[in-house]
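Here's the structure we're looking at; comments come further down.
In this note's numbering, the protein residues as written are 3 to 240.
Set out below in structure tokens:
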């Protein structure tokens, strides 16, 4: 059961624990960085940490130290901050694509669904904005190298790439990643084709709807289906 970080009273004491580190009973290490945390806060919100900290089950339960050697320390810090405060700090002026994708990835890895949703919500709001090409290219490369086929991270990356493709194609950093990461380039091509097909189908549907409407009006006026069809074709040809 997750700690209720929306409750004002809980927010206050969780913030105090986070800032002071008082009574901490678990250490998380990551690439030379050390974070002292509280099992009662961390383990309640992550099945991974709950299992890791069980006594007589894993070494971490006995030592009180959990090492995360494969993760980014900035993302780990964001994860811990979220578990205490219900959000994490990030630059709201410039979208840090790499940070949010890394946070979403470790949230999935350590079974922290609210954190994953939070990170993707930040990215969702940023989709319409043209991303910094270097930052976005780095995020795309990292995502494809660290997540599986069909994952949410890849889908978001491709959607943003297709949406801003005209602008991004002029970027050397973006072009390099497309060339280096074959799967990324392939997924962009597939997504672009799907967008074209949807647009074409939408245009066809609009044409059929408009023509049908014209025919129905003419049928009501003349009572002759053949005449209505001819007139609909003539009107569309104008």
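Idealized CB from N, CA, C, for every residue including glycine.
Can you check whether the CB of residue j is closer than 8 Å to the CB of residue i?
i: residue 68; j: residue 30; result: yes
i: residue 23; j: residue 36; result: no
i: residue 139; j: residue 103; result: no
i: residue 73; j: residue 32; result: yes
i: residue 117; j: residue 109; result: yes
i: residue 190; j: residue 160; result: yes
i: residue 183; j: residue 143; result: yes
i: residue 165; j: residue 129; result: yes
i: residue 125; j: residue 169; result: no
i: residue 86; j: residue 19; result: yes
For residue i, tell me which candidate among the options has the shortest Cα-Cα distance.
i: residue 107; options: 171, 153, 167; result: 153
i: residue 41; options: 26, 34, 136, 33; result: 26
i: residue 181; options: 146, 50, 119, 49; result: 146
i: residue 88; options: 96, 63, 194, 121; result: 121
i: residue 301; options: 12, 171, 65, 95; result: The shown model of the chain, from 3 to 240, leaves out residue 301, and the question about it has no answer.
i: residue 266; options: 17, 84, 59, 34; result: No answer is possible for residue 266: the residues shown for the chain start at 3 and end at 240.
i: residue 167; options: 60, 195, 149, 150; result: 195
i: residue 82; options: 123, 53, 16, 173; result: 16
i: residue 123; options: 137, 14, 155; result: 155
i: residue 174; options: 148, 92, 137, 193; result: 137
i: residue 90; options: 141, 200, 163, 119; result: 119
i: residue 151; options: 127, 185, 172; result: 185
According to DSSP, what are the bridge partners of residue i?
i: residue 69; result: 31
i: residue 38; result: 29
Quick check on residue i: buried or exposed, where buried means 16 or more other Cβ atoms within 10 Å of its Cβ?
i: residue 214; result: Unreliable placement is indicated for residue 214, whose pLDDT of 47 sits below 50; the coordinate value is still reported in the next sentence. Burial call: exposed.
i: residue 62; result: buried
i: residue 188; result: exposed
i: residue 57; result: exposed
i: residue 70; result: buried
i: residue 78; result: buried
i: residue 98; result: buried
i: residue 158; result: buried
i: residue 179; result: buried
i: residue 202; result: exposed
i: residue 21; result: exposed
i: residue 64; result: exposed
Assuming residue i and residue j form a contact by the criterion Cβ under 8 Å, report the distance between their Cβ atoms to the nearest whole angstrom.
i: residue 134; j: residue 96; result: 7 Å
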